[in-house]
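Here is the structure we will look at, set down as structure tokens.
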Amino acid sequence: QVQVVESGGGLVQAGESLRLSCVVSGTIFSISTMGWYRQAPGKQREMVARLSGGGTTTYADSVKGRFTISRDNARNTWYLQMNTLKPEDTGVYYCNINSIISYWGQGTQVTVSS
1 QVQVVESGGG LVQAGESLRL SCVVSGTIFS ISTMGWYRQA PGKQREMVAR
51 LSGGGTTTYA DSVKGRFTIS RDNARNTWYL QMNTLKPEDT GVYYCNINSI
101 ISYWGQGTQV TVSS
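The numbering used here numbers the first residue of the sequence shown as 1 and each following residue consecutively.
Here you go:
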């Protein structure tokens with residue numbers, strides 16, 4: 001059984017950094033993309049960063065130059081390094097793994113105070 005678990009969220013001040021982790025347990029075949037999404041209160045969930053199986057990265061315009069997505073295959077873990085955080089980055093961050101099935105974690109809260 002596959003489990004996707006995010007961690008690393010918290011309360012920080014504007015300008016500070018956080019690193020989110022996404023640990024995947026179980027076997028997932030033929031991963032096409034792995035992504036980080038976020039949902040702010042009252043807003044739709046949006047893609048923040050995405051990493052393809054071939055290593056191509058895609059970022060939302062609002063986070064380009066500040067966020068970096070990466071993976072550690074040996075640990076079955078993906079990361080989202082978030083620098084120079086802004087209050088508008090506040091939300092619940094979700095990890096998503098796409099293969100034949102789409103897997104989602106339970107989310108981790110990120111709150112950035114001004």
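Ideal Cβ placement from N, Cα and C applies to all residues, glycine included. On a predicted model such as this, the values are computed, not experimentally measured, just so you know.
Whole-angstrom distance between residue j and residue i, CA atom to CA atom
| i | j | result |
| --- | --- | --- |
| A40 | L18 | 17 Å |
| V92 | G107 | 6 Å |
| L80 | W36 | 7 Å |
| S114 | R50 | 27 Å |
| V78 | C22 | Note that residue 78 is Trp in the sequence shown here, rather than Val. One C-alpha to the other measures close to 5 Å. |
| K64 | E46 | 14 Å |
| D72 | E6 | 14 Å |
DSSP bridge partner residues for residue i (one or two, in chain order)
| i | result |
| --- | --- |
| V24 | V4 |
| G10 | V110 |
| I97 | M34 and Y103 |
| L18 | M82 |
| S52 | T33 |
| V92 | Q39 and Q109 |
Close-in-space but distant-in-sequence residues of the same chain around residue i (CB under 7 Å, 5 per side omitted)
| i | result |
| --- | --- |
| I97 | V4, V24, I28, I31, M34 and Y103 |
| E16 | L85 |
| E88 | none |
| G8 | L18, R19, L20, S21 and T108 |
Three-state secondary structure (DSSP) of residue i
| i | result |
| --- | --- |
| E46 | strand |
| N73 | helix |
| S102 | strand |
Other residues of its chain near residue i: CB distance less than 8 Å, five sequence neighbours each side excluded
| i | result |
| --- | --- |
| S99 | I28, F29, S30, I31 and S32 |
| A14 | L85, K86, P87, V112, S113 and S114 |
| G26 | Q1, V2 and Q3 |
Same chain, Cβ closer than 6 Å to residue i, neighbours up to 5 away in sequence not counted
| i | result |
| --- | --- |
| G53 | I31 and S32 |
Self-check item: Three-pair Cβ contact test at 8 Å for the segment 68–85 versus the segment 51–59
Solution: yes
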